[in-house]
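Enquirer: Got a structure for you, questions after.
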Amino acid sequence: VKDRGGSAIAALTSDDHERLNRKAFIEKRLIYALDRKNLQLLYQPQVNLNNGKVERVEALVRWTDSEIGVITPDELIPIAEENGLINEIGSFVVETACRQLKEWQTKDIDLQISINSSIREFRDKDMAKMVLEQLKINDCKASSLMIEITEKFALEAEAERSIMSQMKTLQQEGISFALDDFGTGYASFRYMLMLPISSLKIDQTIIQSITKQEKIQKLINGMIQFGKSLDFQVTAEGVETNEQFELLRAMGCDSLQGYIIGHPMTAADLEKWLN
Ligand code: C2E
Ligand code: CA
Ligand code: CA
Ligand code: CA
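Going by the working numbering, the sequence shown opens with residue 1080, and the numbers climb by one from there.
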C-alpha cells in the first residue's frame, strides 16, 4: 500500500483491527439492544451499620447480547461514553430504577436505589428534568433516589455551571449524591464542598488492601474520620472478608457494600434475599 492513508491503515496490527471491529460491533448491537430495552439492572445491597439494616441498593447495569455474549460495564460504559449512547443507557437506568421503586413501594419494600451516572449524561441540559419526570410518572419520592458520580466527574463538574445547577436542582428536590471511587487519585477536595454531595464511597481497591499494612489501615481510618467530620455519610465498597468488615465497623464507617454482604442480584432475588 503506497498512499498515506493506506500505510496508516497497514500500520494497524491485527489486534487493533480486532479491537476496532469489536467496538464497532458492540456499538451496532447496543443501539439494537437499547431500542428493545434489552439491558438489565442488578441490585447490590448496602448495609447501614448504625442500625444493621439494608436501606439502599446500588443499581448496576448488565448486558448480554445474543451475538456477542456478556459485555461487562467496564467495557460497555467507556464505549458508550465515547459514542454518546451513555445518555440512552442513563435514561434506561433511571426509568428502570424508578419503575422498580414503584413496584417495591406496592410491596412495602422500603429501599433507596443508588444509580451510577457519567458526566456526559449531565451535559444534556434535560437530565434533571428527565429524572424528575420519571420519579413523577412512577409516583416515587425523590429521596428514594441517589446518584453516584466519580471523582473525575466531580472535578469537571465544578467548572461547569450548567452541570452544577442541574445537580443543585435535583438536590433541592430531595435526590442525594454520592462521590464514588473516593480516594482514587484526584487530590482536590474543593469540589466536595462546592457540589451537593452527601456521601462518600471509599474505593474498593483501597478497602481491599485494608488488612495488608498498618499504614493502610490508618489511611482508611483517616478517610472515614475526615468524611464524617465534614458531615458526609461514609460507605466502604468491595468489602469481601469478615476481617475487612470488622475493621471498617470498628472505624465507624456508616455503611458497607460488597460480596461479604451480597452480590449484585435481580430484583426478584433481592426480594428473596431480604426475607
Ligand atoms: P462501581 O460503581 O465502582 O461499582 C462497583 C463494582 O464493583 C461493580 O462492578 C460491582 O459488581 C463490583 N463489586 C461489588 N462488590 C464487590 C466486591 O466485594 N468485590 C469485588 N471485587 N467487586 C465488587 P460492575 O457491576 O462490573 O461495574 C463496574 C463499573 O461500571 C461500576 O463501578 C461503574 O463505574 C460502572 N457502571 C455500572 N453500571 C453503570 C451504569 O448504570 N451507569 C454508569 N454510568 N456506569 C455504570
Ligand atoms: Ca458506583
Ligand atoms: Ca465505586
Ligand atoms: Ca469502580
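Just so you know, even glycine gets a beta-carbon here, dropped at the ideal spot from N, CA and C.
Between the Cα of R1135 and the Cα atoms of S1170, T1345, Q1336, which residue gives the shortest distance?
Expert: Nearest of S1170, T1345, Q1336 to R1135, Cα basis: Q1336.
Enquirer: Taking all protein chains shown into account, do 16 or more other C-beta atoms lie within 10 angstroms of the C-beta of S1223, making it buried, or fewer, making it exposed?
Expert: Buried is the call here.
Enquirer: Any residues whose CB sits closer than 5 Å to a heavy atom of ligand 2? List them in chain order?
Expert: Ordered along the chain, the selected set is N1195, E1227, D1259.
Enquirer: Looking at the strands, I want to know which residues DSSP matches up with D1259.
Expert: Note: D1259 sits in a beta bridge opposite T1229.
Enquirer: Would the region 1101-1116 and the region 1308-1316 be scored as touching if the rule is three or more Cβ pairs under 8 Å?
Expert: No, the region 1101-1116 is not in contact with the region 1308-1316.
Enquirer: Can you tell me whether E1316 sits near ligand 3, meaning its C-beta is under 8 Å from at least one heavy atom of the ligand?
Expert: Yes, the beta carbon of E1316 sits closer than 8 Å to at least one heavy atom of ligand 3.
Enquirer: Looking at D1333 and ligand 3, is the gap between the Cβ and the nearest heavy atom below 8 Å?
Expert: It does not: the Cβ of D1333 is nowhere closer than 8 Å to a heavy atom of ligand 3.
Enquirer: Quick check on the burial criterion: 16 or more other C-beta atoms within 10 angstroms. Buried or exposed for L1214?
Expert: With 16 or more other Cβ atoms within 10 Å, it is buried.
Enquirer: Mark P1343 as exposed unless 16 or more other C-beta atoms lie within 10 angstroms of its C-beta, in which case mark it buried.
Expert: So P1343 counts as buried.
Enquirer: Please report the Cβ distance between I1242 and F1201, rounded to the nearest whole angstrom; I am assuming they are in contact, meaning their Cβ atoms lie under 8 Å.
Expert: Rounded, the Cβ-Cβ distance is 5 Å, consistent with contact.
Enquirer: Would T1229 and D1260 be called neighbours here (beta carbons separated by less than 9 Å)?
Expert: Result yes, Cβ atoms of T1229 and D1260 sit closer than 9 Å.
Enquirer: Can you give me the C-alpha to C-alpha distance between R1328 and S1334, rounded to a whole angstrom?
Expert: Approximately 8 Å, taken between the alpha carbons.
Enquirer: Any idea what DSSP makes of T1290, helix, strand or coil?
Expert: Note: T1290 maps to coil in three-state DSSP.
Enquirer: Between the alpha carbons of E1160 and S1308, how many angstroms are there, rounded?
Expert: Spanning the two alpha carbons is a distance of roughly 34 Å.
Enquirer: Identify which residue in I1147, Q1123, L1128, L1274 has its Cα closest to the Cα of F1104.
Expert: That would be I1147, whose Cα lies nearest to the Cα of F1104.
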